[in-house]
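Participant: So that we are looking at the same thing, I have put the structure below in structure tokens.
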Amino acid sequence: MLAQYLALKQEAGDCLLFYRMGDFFELFFDDARHASRVLDIALTSRGEHAGEPIPMCGVPVHSAESYLARLIRAGCRVAIAEQVETPEEAKKRGGSKALVARAIVRFVTAGTLTEEALLEPRRANMLAAICEVRGTFGIAACDISTGRMELEECAPEELGAVLARIGASEVVAPEDLESMPLEAIPRPRGGFSSDAGATELQRIHGVATLDAFGAFTRPMLAAAGGLIAYLDHVGRGKLPLLLPPVIHSGSGQLLMDEATRGSLEITQSQQGGRTGSLLATIDRCMTAAGARQLAEDLAAPLADKAGIEERLALVEWLHNDPLLRGDLREMLRQLADVGRALGRIVAARGSPRDLGQLRDGLGLARRMHDYLRGKPDCPALLTATLPSLAGHGALVDLLSHALVPSPPTECSGFIAQGYDAALDELRSISASSRRAIAALEAKYRKETRTPPLKIRHNNVLGYFIEVPSKHADRLMAADSGFTHRQTMANAVRFNSLHLHEEASRITEAGAHAQAAEEAHFEDLVGAVTRARQAIAATAAALARIDVSLSHAERAAEGGWCRPEIVEERRLEIADGRHPVVEAALAKGGVKGGTGGARFVGNDCRLSPEDRLWLIGGPNMGGKSTFLRQNALAVVLAQAGSFVPAASATIGLVDRLFSRVGASDNLARGQSTFMVEMVETAAILSQATERSFVILDEVGRGTSTYDGLALAWAVVEAVHETKRCRCLFATHYHELNRLAETCDALSLHHVRAQEWKGELVLLHEVAKGPADRSYGLAVARLAGVPKDVVGRAKAVLDRLEKGRAETGGLAAGLGELPLFAAAVHAQEEQCDSLRDRLQELDIDSLSPREALDWLYQLKTLANE
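Following my numbering, the numbering of the sequence shown begins with 15 at its first residue and continues without gaps.
Written out as structure tokens, the structure is:
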């Protein structure tokens, strides 16, 4: 056994090996150690190897899926080694001591999952393959749970942005790739061949040429070849559902790099989860497929005016008819995941339950088509979608006639009565035999005068008669007609001729019935497989309708407006809000907020004549929120959604850049400031006049003079060279002077006031420069000790005095006392003030004396 295991482990490579032994999957050696830690299960041992105990752990076969899910989430890959013959077959092959043959039947990896228990319902599960051909990267991506497949190519510097958009669970690449992404799994170079990719795609889709699917380049086909080779490897020769590939072109989409997506938290928050993201905030989809389509739309918004307007027109039509919207959403509430059910069936991992889901889903699509057909003023996008809902009548009829109302997951008992007369007869024989056995049990009780007698069944003995031990003598008699089979601790088991005959009839009928149902299952799977492309089109149409309904519902909830999409380089938003922050405020989820708190809306008006806003003001005043909410308005509008504003005019954006906040990237050896500069460099090299850029605190990660100089130069470059729309937040007041030389730059600030020594943040954006940064007031709000804030005030006063007198920022700092001395002096002043207050006899003071005292106390406090 150990030799067999080691041979399979060598084949499994870096995957954990699930080695089937009876009712358990066992793991050995390092696999066992690692799995026991991840799964928190007991680590035991079995036998010895090289004089040491062999570590072992295992999981039950019947609950393996839950353990696989935990391993996959922990980043593991698993090879499944099953028994491929029965013990009887092994004995015939090699004698009584022959080992049952085992083979790896499947690899379970993050990107190749199809089981419901292992997948997140509302998130696409993408697998990507990358390959470099003559300096250009080809990318092939697919979601095998639904069959969607995309091919594209990009320049090396754009690869990170493309992979960030795809959000693949798993990435494979040739083992000799020089610029291997950190997350990529190396695979043999031989699979990444453009010729092999073209040949495999032709074979899979049964065509002689790929021209009907698009003009694929060699990098695309090479990546497709690597992807298919990997799928063939993990599936052990069984390919999953793959629909005809679609070329993904960035020319018709809003481009965003990885940093921008992370900064704006579009599909996941900076903590790594869905909660807190734009996607989670606006998702009102009734189906998992709709939620996946919504995520795809937000990850790749359109940059084509006609396509955006088509989506917006459908959302507006649904928004304006609440009754229609409610009816459609109620229909979708009943819809199963048609796309993933189809994926499991085509991948030979389906069940009768999946066939039932297809029957119900396709039937609902037909009802939705009939409901929508003929509706007045039907938008063009819906008109184009409706035909995909109308077909499948023959398939739905077939599945409805063949299947019981609620098919089980097991391949037994799912064929409806009346579909197959021969199967009905077999079931009748089995049922009548069971009634005969019940009658036989009653007869034996009466004849033997043994009321506790029972006829039982198990998988080892089949049917048998069982009586308590104290009654066994009556059946042991030679002329009783019963044959002794087994003696238990408290019971004895027997057989009889009549029971054997009835049991044989049940077994034979059951075996024939099972074979008939399995044959019907294969026939039904074949019918579904032949219609797979049409079914996938129906699933996509239902998802698109669900997304449009979601946008309409969210707009109705929040009073959002339909944006006007124009070609001019404008961005005019009235009373704009940040959708995520507004939702969190309403729920009391923002620190300092309470449930039902109102978000303060702000206007933003950028045009060719006023395309760059320089925004100052205090921290926590709302600068970063203002920047992000306008970027998110662009994402929402170009994805086809209404936006959270009173009105909005969005000039088409080709590229969106966000450099808001930063952290280090230790894995790549980059400090916080280096990350900031890398992101800034990407903006300055890739932005065009049609781009929209938001920049926050450029230059803060280095010395004051260096940072100011960099910020100054970046603003000038954006204004003079890139000439794009830009919001630039800063604390460098010196940058305000750029308004004198940059004619398309205007100064703005977030308003704040000090009231009775406390800072009041108004969260309003106003025209004009900021008068101060309120940094010390914010520090006090944050809980910085009073003595530190006081010391900072003294240093700030000296800095400002030195700059005013000599122009030198640090002039006069050498005269400042050390921190401890300064704090001691402040404490002495406080003591003097207390002493003077103690001397006062307030009741005896005249008004004039009281005023004099106030002046004295103020002078003492100022000292």
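All C-beta atoms in this analysis are idealised placements derived from N, C-alpha and C, irrespective of residue type, glycine included.
Which partner residues of M70 appear in the DSSP bridge assignment?
Facilitator: DSSP lists F42, T58 as the beta-bridge partner residues of M70.
Participant: From G606 to S621, what distance separates their C-alpha atoms?
Facilitator: At G606 the pLDDT is 49, less than 50, meaning the model places this residue with poor confidence; the figure from the coordinates comes in the next sentence. If I take the Cα positions, the gap works out to 35 Å.
Participant: Can you tell me the Cα-Cα spacing of I158 and E272, whole angstroms?
Facilitator: 24 Å
Participant: Mind checking which residues open and close the alpha helix (DSSP H) that includes P336?
Facilitator: 336-347
Participant: Considering only the alpha carbon of each residue, which of V474, D487, A182 lies closest to L467?
Facilitator: D487
Participant: DSSP on M270, reduced to helix/strand/coil?
Facilitator: strand
Participant: Since I believe L413 is in contact with L378 (beta carbons under 8 Å), could you give me their beta-carbon distance rounded to a whole number of angstroms?
Facilitator: The Cβ separation is near 13 Å, so there is no contact.
Participant: Would you mind working out which of L859, A743, R288 sits nearest S760, comparing C-alpha positions?
Facilitator: A743
Participant: Counting only runs that start and end within the region 629-691, where is the beta strand (DSSP E) found for 3 or more residues in a row?
Facilitator: The qualifying runs are 661-665, 669-673.
Participant: Where does the unbroken beta strand (DSSP E) through P593 begin, and where does it stop?
Facilitator: P593 -> not in any beta strand (DSSP E); alpha helix (DSSP H) instead, spanning 593-601.
Participant: Identify the continuous beta strand (DSSP E) that holds L173 and give its terminal residues.
Facilitator: No beta strand (DSSP E) contains L173, which is instead part of the alpha helix (DSSP H) from 173-180.
Participant: Give me whichever residues DSSP pairs with A187 in a beta bridge.
Facilitator: P200
Participant: Per DSSP, what are the beta-bridge partners of E146 in this structure?
Facilitator: F151
Participant: Cutting at 7 Å between CB atoms, please list the residues of its own chain near S442, excluding the five before and the five after it.
Facilitator: Cβ within range, chain order: n/a, list empty.
Participant: Going along the chain, which unbroken runs of the beta strand (DSSP E) with 3 or more residues stay wholly within the region 533-589?
Facilitator: As summarised for the region 533-589, the continuous beta strand (DSSP E) elements at least 3 residues long and confined to that stretch are 578-580, given in chain order.
Participant: Count the other C-beta atoms from every protein chain shown that fall within 10 angstroms of the C-beta of H63, then say buried if there are 16 or more, exposed otherwise.
Facilitator: exposed
Participant: Is K815 helix, strand or coil when you go by DSSP?
Facilitator: Helix.
Participant: Kindly list the residues whose CB is nearer than 7 Å to the CB of Q643, restricted to its own chain and excluding five residues on each side of it in sequence; keep chain order.
Facilitator: G590, R591, H592
Participant: Buried or exposed: E279, going by 16 or more other Cβ atoms within 10 Å of its Cβ?
Facilitator: buried
Participant: Which value, in whole angstroms, describes the spacing of the CA atoms of K815 and D801?
Facilitator: Going by the C-alpha atoms only, they are around 21 Å apart.
Participant: Give a yes or no on contact between the region 539-551 and the region 379-394, applying the rule of three or more CB pairs nearer than 8 Å.
Facilitator: When C-beta atoms of the region 539-551 are compared with those of the region 379-394, fewer than three pairs fall below 8 Å, so the two segments do not count as touching.
Participant: What is the DSSP secondary structure of L868, reduced to helix, strand or coil?
Facilitator: helix
Participant: Determine the closest residue to G540 out of K457, R358, L268, with distance taken between C-alpha atoms.
Facilitator: R358
Participant: Give the range of the beta strand (DSSP E) segment to which K468 is assigned.
Facilitator: 468-472
Participant: What is the DSSP secondary structure of A95, reduced to helix, strand or coil?
Facilitator: strand
Participant: Under the rule that 16 or more other beta-carbon atoms within 10 Å means buried, what is H262, buried or exposed?
Facilitator: buried
Participant: If you follow the alpha helix (DSSP H) that P366 is in, where does it begin and where does it stop?
Facilitator: In the DSSP assignment, P366 falls within the unbroken alpha helix (DSSP H) covering 366-386.
Participant: With DSSP run on the structure shown, which of helix, strand or coil describes H747?
Facilitator: helix
Participant: State the CB to CB distance for the pair I153 and A210, rounded to an integer number of angstroms; the pair is presumed to be in contact (CB under 8 Å).
Facilitator: Going by Cβ atoms, the distance from I153 to A210 rounds to 17 Å, so no, they are not a contact pair.
Participant: Consult DSSP for T501 and reduce its assignment to one of helix, strand or coil.
Facilitator: strand
Participant: How long is the line joining the alpha carbons of T639 and E532, rounded to whole angstroms?
Facilitator: Inter-residue distance for T639 and E532 is about 59 Å (C-alpha atoms, whole angstroms).
Participant: Between L628 and I708, which are expected to be in contact by the criterion C-beta below 8 Å, what is the C-beta distance as a whole number of angstroms?
Facilitator: Actually they are not in contact, since the Cβ atoms of L628 and I708 sit about 12 Å apart, beyond 8 Å.
Participant: Any contact of the region 724-741 with the region 284-302, i.e. 3+ C-beta pairs under 8 Å?
Facilitator: no
Participant: Determine the burial state of Q307: buried for a count of at least 16 other Cβ atoms within 10 Å of its Cβ, exposed for fewer.
Facilitator: The residue is buried, with at least 16 neighbouring Cβ atoms inside 10 Å.
Participant: Thinking C-beta only, is E623 closer than 8 Å to A889?
Facilitator: Because residue 889 is not part of the residues shown, which for the chain are 15 to 877, the question remains open.
Participant: Just how far apart, CA to CA, sit A317 and G665?
Facilitator: 10 Å
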